[in-house]
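>
In structure tokens form, the structure reads like this:
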């Protein structure tokens with residue numbers, strides 16, 4: 001059910017953006033406007049909800065009653081098998097990305113290094129700069145072209161999109177196979193192209209796509225049906241497996257299976273149960289073990305299992321890595337600074353994203369922007385290396401591509417190690433190199449995790465996290481410890497994660513000792529950051545005008561009732577309805593509803609047309625496709641029988657009503673909806689308060705909530721957009737406008 005343009009929203013106003021768009025089209029070229037109007041106080045009507053509530057119609061109940069205890073055990077075993085497959089495939093995808101990036105980046109570093117060495121002797125280093133910038137821009141161009149022109153939803157880390165999906169919002173193409181392929185290629189080319197991004201964020205999206213595909217036992221993109229796992233072809237089951245896929249992606253990225261489960265719980269899944277926790281942990285363990293095994297074999301130490309994740313911060317277990325009570329205030333101060341810098345980063349990212357939405361909306365402009373950023377990144381790196389005189393002895397170092405430049409024989413430019421390495425190895429070097437190298441570690445981890453896959457990188461905020469490794473004075477604590485806390489503070493200030501990020505960093509460092517200071521830093525950064533702006537994920541969800549439902553209704557919304565927030569009028573169907581009426585209702589483009597209350601067929605003057613059930617658009621389309629109706633004169637005949645399998649085979653891409661041919665004679669036939677409607681939909685009285693309606697809708701994962709009066713007559717319908725449009729603003733409770741954006 002989608003609220004139409006004439007829906008009533010109480011005493012508050014509703015802006016129709018279509019008038020603004022029509023005015024804009026008269027002033028600007030129709031196909032390529034220079035500016036797209038965008039208002040952050042809009043809620044888009046283009047997003048539909050997922051059906052997380054099972055439709056308990058007669059077909060569903062008959063199937064459930066036929067399943068005995070043994071069959072239920074078989075279904076449960078299949079769930080575990082699917083989770084294992086999700087873990088294995090997510091780990092293999094992570095291995096593929098890591099190995100390809102290592103080889104392609106290594107090839108680029110060798111070419112650029114040899115060129116710099118050559119022109120250092122001859123003179124004319126500007127040619128080396130031109131080569132570096134050209135290589136970066138060319139590689140990034142390929143990656144941005146396939147994303148911008150083939151699958152735009154693959155851009156960015158994908159975490160906000162997966163968070164929306166698990167919240168119950170259907171984001172188009174977000175869990176398709178094509179999205180996964182473009183995502184993997186885009187990540188590889190972005191990292192190789194020198195953008196300050198990492199492979200970790202996109203692994204969460206990749207794991208979710210893998211889970212969505214595996215759990216359905218078929219590929220709609222490849223048009224292949226393997227006739228397995230048919231029982232799980234519904235949104236309720238698919239959601240749980242996508243939660244497991246997101247956790248497996250975190251586990252593969254950081255080697256943190258417990259952190260993956262907590263991430264899925266804290267940031268992802270809106271609905272949780274005890275059995276799901278254990279299955280998700282199993283998928284996460286399988287994922288990190290698969291990655292560890294394959295990469296250990298690839299690196300030539302098959303029995304070592306020394307590569308638990310794509311990024312590992314190295315072990316912080318020497319004597320200097322402890323902390324004392326006197327350092328607690330320092331950690332709190334770093335959390336405050338990280339929260340402020342994170343809020344500043346989010347604010348800048350907000351305005352930059354608004355600028356992109358309005359002006360850089362054409363794919364060709366997006367490609368040019370990405371190429372420009374790649375070239376500038378190379379230029380900045382070259383200038384920093386050129387100006388650095390920090391030389392370190394090559395003997396005893398583990399630098400893969402030592403660049404001598406202006407250093408003496410037997411020495412290398414230490415600044416070059418930050419740029420002539422993959423981002424993950426650079427972070428480890430910054431944490432663990434001996435004193436003598438200026439650290440960029442404060443905030444570097446934030447760049448690695450979140451900005452992954454996005455065109456413009458996160459800036460490494462601050463330098464050194466409160467210490468300078470070049471200082472000639474006695475070092476009373478290992479600077480790597482403060483670099484780690486600075487990275488945690490910056491990342492926490494940006495994404496506002498606490499529990500999951502604490503465990504992820506503990507697992508990635510292999511040190512439980514830092515649990516308390518990391519938690520302290522992250523909590524401080526979150527509290528300080530929340531005072532200024534929202535976290536990065538929530539901010540991007542808001543910028544995309546997605547009807548996202550938070551955990552609780554706005555605190556000042558008790559004055560509103562269901563009567564004021566519901567959408568009306570409601571299109572109802574009779575229990576025995578004419579086929580032509582059903583077709584006309586489904587073909588009505590002005591409403592495009594997805595759920596229809598079913599009322600009694602022919603009430604007399606004294607009988608109330610009370611609510612009898614609820615039926616979905618997708619169910620009606622399947623019934624029309626299979627011609628489940630009889631002639632009006634033969635109502636005593638039994639309709640053509642359909643099975644629950646027919647509905648599952650059509651899931652998730654139900655055909656549009658325009659593709660179903662109904663003849664004029666068939667329009668006069670009658671369709672009995674009794675067997676297919678949900679006879680017990682959730683309802684609320686029209687006097688119920690908004691927080692009560694919100695709690696019921698959110699906790700049960702509903703798509704439609706019928707509002708009835710004291711005679712059980714349908715008076716309205718509450719959907720996701722009716723609830724999401726109310727939020728707490730700076731001036732109290734505010735209402736977002738609805739627009740087809």
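Numbering (UniProt numbering), first residue to last: 1 to 741.
Built from N, CA and C at the ideal position, the CB exists for glycine as well.
#1: Are there 16 or more other CB atoms within 10 angstroms of the CB of residue 515, so buried, or fewer, so exposed?
#2: Rounded to whole angstroms, what is the Cα-Cα separation between residue 380 and residue 165?
#3: Quick one: which unbroken beta strand (DSSP E) runs of 3-plus residues sit fully inside the segment 361-421? Chain order, please.
#4: Use the C-beta contact count for residue 49: other C-beta atoms within 10 angstroms, 16 or more gives buried, fewer gives exposed.
#5: With a threshold of 8 Å on Cβ separation, who are the neighbours of residue 226 within its own chain once the five nearest residues in sequence on each side are excluded?
#6: Between the alpha carbons of residue 467 and residue 482, how many angstroms are there, rounded?
#7: Would you grab the beta carbon distance between residue 107 and residue 676 for me? Rounded to a whole angstrom, and I think it's under 8 Å.
#8: Which of the three DSSP states is assigned to residue 538 in this structure?
#9: Report the residue from 78, 669, 93, 232 whose alpha carbon sits nearest the alpha carbon of residue 644.
#10: Going by the DSSP bridge assignment, what does residue 616 pair with across the sheet?
#11: Cα separation between residue 179 and residue 205?
#12: In terms of residue numbering, what span does the beta strand (DSSP E) encompassing residue 726 cover?
#13: Could you pull the DSSP bridge partners for residue 235 from this structure?
#14: Closer than 8 Å by C-beta to residue 731: which residues in its own chain qualify, once you throw out the five before and the five after it? Chain order, please.
#15: Assess, as a yes-or-no matter, whether the segment 679-690 is touched by the segment 560-567 under the definition of 3 or more beta carbon pairs within less than 8 Å.
#16: Among 190, 308, 256, 294, which residue has its Cα nearest to the Cα of residue 280?
#17: For residue 655 and residue 167, what's the separation of their Cα atoms in angstroms?
#18: I want to know whether the segment 83-94 touches the segment 241-256 - three or more CB-CB distances under 8 Å.
#19: Only counting the same chain, and skipping five residues up and downstream in sequence, which positions put a Cβ closer than 6 Å to that of residue 540?
#20: State the DSSP-derived secondary structure class of residue 721, mapped to helix, strand or coil.
#21: Measure the alpha-carbon distance for residue 661 versus residue 623 and round it to whole angstroms.
#22: Could you give the distance in angstroms between the alpha-carbon of residue 548 and the alpha-carbon of residue 728?
#23: Could you tell me whether the Cβ atoms of residue 611 and residue 719 are closer together than 8 Å?
#24: Looking at residue 105 and residue 191, is the spacing between their C-beta atoms short of 8 Å?
#25: With DSSP as the reference, identify every bridge partner of residue 573, one or two as the case may be.
#26: Measure the C-alpha to C-alpha separation of residue 207 and residue 184 and round it to an integer number of angstroms.
#27: Look up residue 113 in the DSSP assignment and say whether it is helix, strand or coil.
#28: Below 6 Å CB to CB, which residues in the same chain sit around residue 712 once its five sequence neighbours on both sides are set aside?
#29: Could you pull the start and end residues of the beta strand (DSSP E) that residue 739 belongs to?
#30: Identify which residue in 310, 386, 535, 137 has its Cα closest to the Cα of residue 412.
#31: Pick out whichever of 543, 345, 497, 252 has its Cα sitting closest to the Cα of residue 96.
#32: Between residue 287 and the rest of its own chain, which residues show a CB-CB distance below 7 Å, the 5 nearest in sequence each way excluded?
#33: On the criterion of 16 or more Cβ atoms from any shown chain inside 10 Å, does residue 531 qualify as buried, or is it exposed?
#34: With 16 other CB atoms within 10 Å as the buried threshold, where does residue 504 fall?
#35: Counting only beta-carbon separations shorter than 8 Å, does residue 62 have a partner in chain C?
#36: Ignore the nearest five residues each way along the sequence and tell me which others in residue 473's own chain have a CB closer than 7 Å to its CB.
Let's see:
#1: It is exposed - the Cβ of residue 515 has fewer than 16 other Cβ atoms within 10 Å.
#2: 38 Å
#3: 391-393, 411-413
#4: buried
#5: 217, 218
#6: At residue 467, the pLDDT of 43 sits below 50, so the modelled position is not reliable and the matter cannot be decided from this model.
#7: Actually they are not in contact, since the Cβ atoms of residue 107 and residue 676 sit about 59 Å apart, beyond 8 Å.
#8: helix
#9: 232
#10: 595
#11: 9 Å
#12: 726-729
#13: DSSP lists no bridge partner for residue 235.
#14: none
#15: yes
#16: A check of alpha carbon separations from residue 280 across 190, 308, 256, 294 identifies 256 as the nearest.
#17: 25 Å
#18: yes
#19: 160
#20: helix
#21: Distance between residue 661 and residue 623, taken at the CA atoms: about 12 Å.
#22: Each residue's alpha carbon lies about 14 Å from the other.
#23: no
#24: Closer than 8 Å, so yes.
#25: 598
#26: 11 Å
#27: helix
#28: 610, 611
#29: 737-739
#30: Ranking 310, 386, 535, 137 by CA distance to the CA of residue 412 puts 386 first.
#31: 252
#32: 87, 90, 91, 248, 251, 252
#33: exposed
#34: It counts as buried.
#35: No chain C is part of this structure, which consists of one protein chain only.
#36: Only weak support is given to the placement of residue 473: the predicted model assigns it a pLDDT of 44, under 50, and the value that follows is read from those uncertain coordinates. Result list for residue 473: empty, nothing under 7 Å.
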